[in-house]
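Residue numbers (our numbering): 9 to 496.
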């Protein structure tokens, strides 16, 4: 398949180099999208702040796709200048692109599907998986070196054409292309240079090279499970770079070091601290170690009661039961080693962000904080109606007298009304907050499955809800929420 690349130059702010994202107008749109097998199109407005960010990611994605020889051409349309008719034709209203761009995919000029991805890696991953080739063929040593010159690991197959391992590798790449970058080569100069033949090699990115781990690992078998185990076990290395888009790979038990991680402009300083963490991680491989940007994870740091200011890393951990800890004292290799040893020995006190436990808590509405949540909510033996609020939230302030009256109405019932400050206390797992205030119902038989109350925030509706879902019928209200008649 011939892949046609057209290079033009931009005047848009932020782009001064040759641009691989083509600009389509009302005059050339139809002919341009029909030129390519797959042409994702971004519809945008130039003054939209998020659109400008996405344009930068779009440009980066186009560069990556070109390097991977993907038969995909990215195109953009300015809905304010030159593309008004096309935007109207495909129902792209100006109001819709004021805040964010819209994306549509065309296949040989025919409209396909809408899509969205938050960053360049997401764009590449989606397009490559749906419309691209799973593995990039590398014809020269220079192409292999360029393929490896990235921040992500790579898996490369070295084999002779027609071999069994070629078949195995290509099938494996088709299945796992969403998760890993694949390349392959049968060129004699490449096989000679890397001294590999009929093997699959996992390459660690250059910025992660260190003396405690091999820079690459070879596999010569034919088991998908074995190969996956090898890749997964080495993908992030002994100390990975934890970002918001891969945080799920660093589940507990873990040790996380936060500092000014910057692999774009300060690799040397970033690895200065990572290399010291490696000295500890190599002896504690049962824990996942990672570094995270203190800027990217500012909110997470706040949950540890920490506002990152100093240069040295701030270290946290989660044990096998997902309890949180933070390392006290200044960072050093010796202090980190002792912290991990004490953590695994159970000598450390878990960290909980919590307000002080109230000295008096006998009102109709109980006050829960992080330190007494299990006592007041989870283990109280009653159905519980919980409000998670923020002290600064006006809606919460307006709701407060209603919650107080609800507490009074539930006096004598097997139901507890509880309020919990979600800003000054760590919200327990299982409570998905979408704003304040948020109300939850916890049946006394299934406290681990809180249900979100989505009804009107009025006294009558909340009483009706409690009456309907109470484990045992209320004493003073029937199942519909109507007051029971008192017999004389």
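C-beta atoms are modelled at their ideal positions from N, C-alpha and C, and glycine is treated no differently.
Everything numeric in this text was worked out from a predicted model, so none of it was measured.
Where residue i falls, given that 16 or more other Cβ within 10 Å makes a residue buried
{"i": "residue 214", "result": "exposed"}
{"i": "residue 192", "result": "buried"}
{"i": "residue 419", "result": "exposed"}
{"i": "residue 449", "result": "buried"}
{"i": "residue 9", "result": "Low confidence applies here, because residue 9 scores a pLDDT of 34, under 50, leaving its location unreliable and the question unanswered by this model."}
{"i": "residue 247", "result": "buried"}
{"i": "residue 459", "result": "exposed"}
{"i": "residue 429", "result": "buried"}
{"i": "residue 196", "result": "exposed"}
{"i": "residue 46", "result": "buried"}
{"i": "residue 349", "result": "exposed"}
{"i": "residue 166", "result": "buried"}
{"i": "residue 175", "result": "exposed"}
{"i": "residue 478", "result": "buried"}
C-alpha distance - residue i paired with residue j, whole-angstrom precision
{"i": "residue 92", "j": "residue 41", "result": "17 Å"}
{"i": "residue 504", "j": "residue 298", "result": "Only positions 9 to 496 of the chain appear in the structure, and residue 504 is not among them; the question remains open."}
{"i": "residue 398", "j": "residue 383", "result": "21 Å"}
{"i": "residue 313", "j": "residue 324", "result": "11 Å"}
{"i": "residue 26", "j": "residue 343", "result": "Because residue 26 carries a pLDDT of 42, less than 50, the predicted location of this residue cannot be relied on, and the following value inherits that uncertainty. Going by the C-alpha atoms only, they are around 49 Å apart."}
{"i": "residue 331", "j": "residue 359", "result": "8 Å"}
{"i": "residue 396", "j": "residue 405", "result": "12 Å"}
{"i": "residue 217", "j": "residue 170", "result": "33 Å"}
{"i": "residue 341", "j": "residue 253", "result": "28 Å"}
{"i": "residue 210", "j": "residue 276", "result": "24 Å"}
{"i": "residue 12", "j": "residue 31", "result": "Note on residue 12: pLDDT 33, under 50, position unreliable in the model; the coordinate value appears next. Rounded to whole angstroms, residue 12 to residue 31 spans 15 Å at the Cα level."}
{"i": "residue 212", "j": "residue 162", "result": "7 Å"}
{"i": "residue 488", "j": "residue 494", "result": "17 Å"}
{"i": "residue 124", "j": "residue 262", "result": "32 Å"}
{"i": "residue 28", "j": "residue 64", "result": "11 Å"}
{"i": "residue 185", "j": "residue 461", "result": "41 Å"}
{"i": "residue 37", "j": "residue 94", "result": "8 Å"}
{"i": "residue 234", "j": "residue 307", "result": "38 Å"}
{"i": "residue 258", "j": "residue 60", "result": "31 Å"}
{"i": "residue 346", "j": "residue 437", "result": "29 Å"}
{"i": "residue 481", "j": "residue 327", "result": "41 Å"}
{"i": "residue 87", "j": "residue 150", "result": "41 Å"}
{"i": "residue 486", "j": "residue 364", "result": "38 Å"}
{"i": "residue 424", "j": "residue 335", "result": "37 Å"}
{"i": "residue 513", "j": "residue 309", "result": "One cannot answer for residue 513 here, as it falls past the ends of the chain, which runs 9 to 496."}
{"i": "residue 198", "j": "residue 443", "result": "56 Å"}
{"i": "residue 491", "j": "residue 484", "result": "6 Å"}
{"i": "residue 62", "j": "residue 48", "result": "13 Å"}
{"i": "residue 114", "j": "residue 121", "result": "8 Å"}
{"i": "residue 75", "j": "residue 282", "result": "29 Å"}
Extent of the continuous alpha helix (DSSP H) to which residue i belongs
{"i": "residue 140", "result": "Here residue 140 belongs to no alpha helix (DSSP H), and DSSP marks it neither H nor E."}
{"i": "residue 58", "result": "57–75"}
{"i": "residue 155", "result": "149–156"}
{"i": "residue 410", "result": "402–417"}
{"i": "residue 280", "result": "275–289"}
{"i": "residue 237", "result": "232–242"}
{"i": "residue 374", "result": "Taken as a continuous stretch (DSSP letters only), residue 374 belongs to no alpha helix (DSSP H), being part of the beta strand (DSSP E) at 373–376."}
{"i": "residue 346", "result": "341–352"}
{"i": "residue 184", "result": "172–184"}
{"i": "residue 424", "result": "No alpha helix (DSSP H) contains residue 424, which is instead part of the beta strand (DSSP E) from 423–429."}
{"i": "residue 470", "result": "467–477"}
{"i": "residue 310", "result": "306–310"}
Closest Cα partner of residue i within the set the options
{"i": "residue 159", "options": "250, 221, 404 and 142", "result": "250"}
{"i": "residue 269", "options": "256, 235, 305 and 253", "result": "305"}
{"i": "residue 238", "options": "222, 335 and 173", "result": "222"}
{"i": "residue 338", "options": "115, 327, 321 and 350", "result": "321"}
{"i": "residue 140", "options": "273, 219, 182 and 242", "result": "182"}
{"i": "residue 81", "options": "117, 102 and 98", "result": "117"}
{"i": "residue 256", "options": "240, 391 and 51", "result": "240"}
{"i": "residue 51", "options": "431, 107 and 84", "result": "84"}
{"i": "residue 469", "options": "422, 154 and 413", "result": "413"}
{"i": "residue 135", "options": "88, 77 and 289", "result": "77"}
{"i": "residue 245", "options": "284, 290 and 234", "result": "290"}
{"i": "residue 434", "options": "451, 486, 387 and 377", "result": "377"}
{"i": "residue 285", "options": "473, 273, 300 and 265", "result": "265"}
{"i": "residue 441", "options": "112, 380, 394 and 106", "result": "394"}
Element boundaries [beta strand (DSSP E), containing residue i]
{"i": "residue 521", "result": "Outside the modelled stretch of the chain, which goes from 9 to 496, sits residue 521, for which no answer is possible."}
{"i": "residue 263", "result": "262–267"}
{"i": "residue 226", "result": "224–227"}
{"i": "residue 193", "result": "190–193"}
{"i": "residue 210", "result": "207–211"}
{"i": "residue 497", "result": "Coverage of the chain is limited to positions 9 through 496, which leaves residue 497 absent and any answer about it impossible."}
Report task. Kindly confirm or deny that the segment 125–133 and the segment 63–75 touch, where touching means at least three C-beta pairs closer than 8 Å. Result -> yes
Query raised in the report: Can we say the segment 203–214 touches the segment 222–232, given the rule of at least three CB pairs closer than 8 Å?
Result: yes
Requested in this report: Could you tell me whether the segment 184–202 touches the segment 144–151, using the rule of 3 or more Cβ pairs below 8 Å?
Outcome: yes
Query raised in the report: Can you find at least 3 beta carbon pairs, one from the segment 285–300 and one from the segment 354–368, that sit closer than 8 Å?
Result: no
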